Each structure stands twice: as structure tokens, then as C-alpha cells.
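Chemist: Numbering-wise (the numbering used here), the sequence shown opens with residue 601 and increments by one. Supplied in C-alpha cells, the structure appears directly below.
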Amino acid sequence: MLFKRNRLYLINLIYFLTTFTVTAQTTYTYTSAGLNGLWEDVTKWAPSYPGTTINSGDEVIIDGYANISGTLVITNNGTITSIGTIINDYGIVNYGNLKISGLIYNNLGFTTNYGTIEISSGGNLTNYGSVTNTSSGIIYNFGLIDHPFSTAGIIYNFGTLSGTGVHEENFSNDGVLSPGSILNPIGAYGVNTFISPFSTSDAYTHNSATLLIELESTTSYDKLTINSGTSGIASLSGTLTVNLLNGFTPTVGDTFTILTANTVTGTFDTTNLPSNYIWNITYNASSVVLEVTNTLSILDVEISQFKLYPNPTTNEFTIELGNSTILEKLTIYNNIGQLVGSSKESNIKTSSLAKGIYLVVITTNKGEASKKIIVE
Numbered sequence: 601m602l603f604k605r606n607r608l609y610l611i612n613l614i615y616f617l618t619t620f621t622v623t624a625q626t627t628y629t630y631t632s633a634g635l636n637g638l639w640e641d642v643t644k645w646a647p648s649y650p651g652t653t654i655n656s657g658d659e660v661i662i663d664g665y666a667n668i669s670g671t672l673v674i675t676n677n678g679t680i681t682s683i684g685t686i687i688n689d690y691g692i693v694n695y696g697n698l699k700i701s702g703l704i705y706n707n708l709g710f711t712t713n714y715g716t717i718e719i720s721s722g723g724n725l726t727n728y729g730s731v732t733n734t735s736s737g738i739i740y741n742f743g744l745i746d747h748p749f750s751t752a753g754i755i756y757n758f759g760t761l762s763g764t765g766v767h768e769e770n771f772s773n774d775g776v777l778s779p780g781s782i783l784n785p786i787g788a789y790g791v792n793t794f795i796s797p798f799s800t801s802d803a804y805t806h807n808s809a810t811l812l813i814e815l816e817s818t819t820s821y822d823k824l825t826i827n828s829g830t831s832g833i834a835s836l837s838g839t840l841t842v843n844l845l846n847g848f849t850p851t852v853g854d855t856f857t858i859l860t861a862n863t864v865t866g867t868f869d870t871t872n873l874p875s876n877y878i879w880n881i882t883y884n885a886s887s888v889v890l891e892v893t894n895t896l897s898i899l900d901v902e903i904s905q906f907k908l909y910p911n912p913t914t915n916e917f918t919i920e921l922g923n924s925t926i927l928e929k930l931t932i933y934n935n936i937g938q939l940v941g942s943s944k945e946s947n948i949k950t951s952s953l954a955k956g957i958y959l960v961v962i963t964t965n966k967g968e969a970s971k972k973i974i975v976e
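Structural data, given as C-alpha cells:
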């Protein structure tokens, strides 16, 4: 019996030690005073060399200069914290957390982000290569994203880029640009360059981009600033989405300057604005201003939320109203305000309409409302 107990104890002990070894978290510290330090130099690491794949739960701290050269690719599933300098001459693939309070010098290398990159105040991501933020990636920029030359370095954003930092030079946005952060949702984000952050006319930008603006009060709200000497051009398209925070209820006449630039051209293709209010968007020569011009009654809100689908459409679309709302008339206008069709039916054929954007206005027993539709 004693032998069996000892054997069981030994088995449990081995299981515990094995499990502990597998799940234990390790912090690796790289220290190098010279400019030519190499990531793979095992003598620079303590307590040991982590290799080129950082495991989930592990942390790597870079204190000094670490060069990623040759064909070396660092795959991060844990946390890499750069309080010194990482010089990336080849590749970083981040699935975990990449924290920059020092410098990451993306020297003609590539950085692909599936996780989170956080650039703290005083931190710097200097990019001569390419940084791709995938659809699952988030970049919090509270420091500086810097491209020293307009012809070198570009950030491709397919995920979310947020923060209160400054962005320099080329920026390809196919995702969401959201000033502020989770902890501090209100903030100002600066883009110092000649770019078109929401335009299809610029080779670096896409019409699927979204600018997310949050309003907390008339003095506390998100802002985007585009400014670079005499350039700083904002050529607008894509989507503008505006949310109200912390129970804020704007009043008629409230204004919010959400974007400033040396020059503003174009308009947002799509706007998602808070319900219960009528908004006016003014596109000035150097700014975009939101204004509350009226409030909606309960009936107005119900009508404004009618459904129109499919959108875009090729052959027909359908109007769907709420309970007890009756369609009395439907009219269609082209982009220059000409009446091109009318009906009393909720299912509309579009085969006679040319490709383009149209305004559909419905008249019901509770009032009027309108939506845009794209005919392809």
C-alpha cells in the first residue's frame, strides 16, 4: 500500500512539473550598448535566447539595439516591449502585443500585425518599409508614426488605427481611423502629410475606409487634423460614423469641427449619424463641421429607420416599413435633383435607371423620410 501511495505521489509530481514547465511564463531581456547588436546573438539575452518565435505568455524586453537582419522573421505570440531600439531589416509578424516606448526602425523590412501594436507617448515607429495592419489588428498610436521620406514607407490599415498621436507621410486606409482609445475615447489624431485618408482618387486610399468620431460634449469630442506645410489635403469619400458618449444629448445649434486640413475636397459617401436628431454637415474649404439643426419626434425616428434593400441593387429594391406605417408615395431623384420616378408600391424596378446614386423619398401616414440607393 505504501508503495502504491508513493508511486501515485510520484506520478502526480511528474504531471505537475511537466504542466508547470509547459505553462510557465518567461521574461527574456535583450541588452546591447552597440549599434550593431543582433537579435540572434545569444550572448545578449538573459536568462536565455528566446529564438525567433515568442510563445504566448512570454515577454521579450529590448533594452539597447537589436537588429533583425538577413532573412530573419520574428513571430510574436506573446509580448515584445521595446524600450530601446529594434532595427527591422527583414520581418516582424505580430499575433500578440508589440509595445513601443522606445523606437522600432522599420528599415525596408515588413511588419504585419494581427494583434495589437501600442505606441506610447515618446514612442516612435519609423517606417521605411511597410506596415500592414490586418482586419484583426489594432494600432494604438499615442506617440509618433514617422515616414522620413514621402517616397519610402507606407502603412496599410485594414483594421483599426486609433490614438492621440501623430502620423507622418504615406497612409493607406482600408479600415477604421478612430481618434482616442478604449481607455480615453475622446482625442485628437494628427496626420501630417499630403494624403487623402478617405478618398478613391488617391492611390494610397480606399472608399471602404471609415472615420469614427465620438462626441461627449460641445468641447470634448474627437478630431482629425491633416496638416503639412502648404499641403495637408483631405480628399473625402468613404464613411463617416458618429456616436454619442456618456448620455450626451446635443441641442439645436450645437456645432462640432471634426476635421481640419489646409484643403478639404469631396464629401463622405456614407454617413451614420445619431438618430433622434437632424444633422447638417458643412464641408468648408479647410474644415468639416457637424451641426444639430433639429430634433426628431418619436414618429420621425420610426419613419427614418425604414429599410431599403438590396443596396446596392441591379434590378429592383424593396421598401420595408414598421408596424402601422403605411406607404402613400415613393419618389426617386438623381444626383442633380431631377425627379426620375415615382410609385405607390413598395417593390420598385430599377432597370430603366442608369448606374449611379439616387435619393429615395417616402411619404407615409406618419411623415416623410429619405435614403440613398446605389444602382449598379
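Note that the Cβ used here is the ideal one computed from N, Cα and C, for glycine as well. As the structure is a prediction and not an experimental result, all values here were calculated from the model.
For LYS955, which of helix, strand or coil comes out of DSSP?
Modeler: In this structure, LYS955 counts as coil in the three-state DSSP scheme.
Chemist: Provide the residue span of the beta strand (DSSP E) that contains PRO850, from first to last.
Modeler: Run containing PRO850: none; DSSP gives neither H nor E here.
Chemist: Please identify the residue among PHE856, ASN676, THR681, ASN773 whose C-alpha is closest to the C-alpha of ILE662.
Modeler: When only C-alpha atoms are compared, the closest one is THR681.
Chemist: Looking at the structure shown, is LYS944 part of a helix, part of a strand, or coil, going by DSSP?
Modeler: LYS944: coil per DSSP, three-state reduction.
Chemist: Mind checking LEU703: buried by the 16 CB within 10 Å criterion, or exposed?
Modeler: Burial call: buried.
Chemist: DSSP state of THR643, grouped into three classes?
Modeler: In this structure, THR643 counts as helix in the three-state DSSP scheme.
Chemist: Could you check how far apart the C-beta atoms of SER778 and GLY743 are, in whole angstroms? I think they sit under 8 Å.
Modeler: In fact, because the Cβ distance is near 17 Å, the residues do not count as touching under 8 Å.
Chemist: So SER887 and THR857 are in contact, right, with Cβ under 8 Å, and what is the actual spacing, rounded?
Modeler: 5 Å between Cβ atoms; contact.
Chemist: First and last residue of the beta strand (DSSP E) that includes ALA885?
Modeler: Note, ALA885: premise wrong, no beta strand (DSSP E); not H, not E.
Chemist: Express the C-alpha separation of LEU708 and LEU761 in angstroms, rounding to a whole number.
Modeler: Going by the C-alpha atoms only, they are around 22 Å apart.
Chemist: Kindly indicate which three-state DSSP category SER970 falls into: helix, strand or coil?
Modeler: Looking at SER970 - three-state DSSP - the assignment turns out to be strand.
Chemist: Count the other CB atoms, across all protein chains shown, that sit within 10 Å of the CB of ILE957; report buried if there are 16 or more and exposed otherwise.
Modeler: It is exposed - the Cβ of ILE957 has fewer than 16 other Cβ atoms within 10 Å.
Chemist: Just to confirm, is the Cβ distance from VAL889 to PRO850 under 8 Å?
Modeler: No, these two residues do not count as a Cβ contact at 8 Å.
Chemist: May I have the straight-line CA-CA distance separating VAL940 from LEU927, to the nearest angstrom?
Modeler: Their Cα atoms are separated by approximately 19 Å.
Chemist: With a threshold of 8 Å, are at least 3 pairs of Cβ atoms found where one atom belongs to the region 911-923 and the other to the region 870-878?
Modeler: Judged by Cβ distances under 8 Å, the region 911-923 makes no contact with the region 870-878, as fewer than three pairs qualify.
Chemist: Quick one: grab the DSSP three-state call for ILE962.
Modeler: ILE962: strand per DSSP, three-state reduction.
Chemist: How big is the Cα-Cα spacing for GLY765 and GLN625?
Modeler: For GLY765 and GLN625, the distance between alpha carbons rounds to 32 Å.
Chemist: Bridge partners for THR925 per DSSP, in chain order?
Modeler: Paired residue(s): none; THR925 is not in a bridge.
Chemist: Anyone know if the C-beta pair for ALA666 and TYR630 falls short of 8 Å?
Modeler: In this structure, TYR630 lies closer than 8 Å to ALA666 by Cβ.
Chemist: What residue range does the beta strand (DSSP E) around GLY763 cover?
Modeler: 760-763 is the span of the beta strand (DSSP E), which, as asked, contains GLY763.
Chemist: On the three-state DSSP scale, how would you describe GLU816?
Modeler: Coil at GLU816, not helix or strand.
Chemist: Taking the Cβ atom as the reference point for each residue, do GLY678 and SER648 lie within a distance shorter than 8 Å?
Modeler: It is not a contact, given that the beta carbons lie outside the stated cut-off.
Chemist: Considering only the beta carbon of each residue, do ILE687 and ILE668 sit closer than 8 Å?
Modeler: Yes, Cβ-Cβ distance for ILE687 and ILE668 is below 8 Å.
Chemist: Run through DSSP, which three-state label would THR841 get?
Modeler: In this structure, THR841 counts as strand in the three-state DSSP scheme.
Chemist: Is the distance from the Cβ of ASP774 to the Cβ of ASN757 below 8 Å?
Modeler: Yes, the Cβ-Cβ distance between ASP774 and ASN757 is below 8 Å.
Chemist: Considering Cα atoms alone, identify which of ASN713, THR839, SER820 is closest to LEU812.
Modeler: That would be THR839, whose Cα lies nearest to the Cα of LEU812.
Chemist: Roughly how many angstroms separate the alpha carbons of VAL776 and ASN894, rounded to a whole number?
Modeler: Cα-Cα distance, rounded: 29 Å.
Chemist: Return the first residue and the last residue of the beta strand (DSSP E) that PHE917 is part of.
Modeler: It spans 916-920 - the beta strand (DSSP E) in which PHE917 sits, taken as one unbroken run.
Chemist: Hey, is SER735's beta-carbon within less than 8 Å of any beta-carbon in chain D?
Modeler: No chain D is present in this structure, which holds just one protein chain.
Chemist: Compute the Euclidean distance between the alpha carbons of SER701 and SER835, then round it to the nearest angstrom.
Modeler: The alpha-carbon atoms of SER701 and SER835 are separated by roughly 32 Å.
Chemist: Locate the beta strand (DSSP E) running through GLU659, then write down its first and last residues.
Modeler: It spans 659-668 - the beta strand (DSSP E) in which GLU659 sits, taken as one unbroken run.
Chemist: Out of THR964, LYS929, ILE717, which has the shortest C-alpha to C-alpha gap to VAL693?
Modeler: Minimum Cα distance to VAL693 is reached at ILE717.
Chemist: Quick check: the Cα distance between GLU968 and SER837, rounded to an integer number of angstroms?
Modeler: Near 27 Å, if we compare the C-alpha coordinates of SER837 and GLU968.
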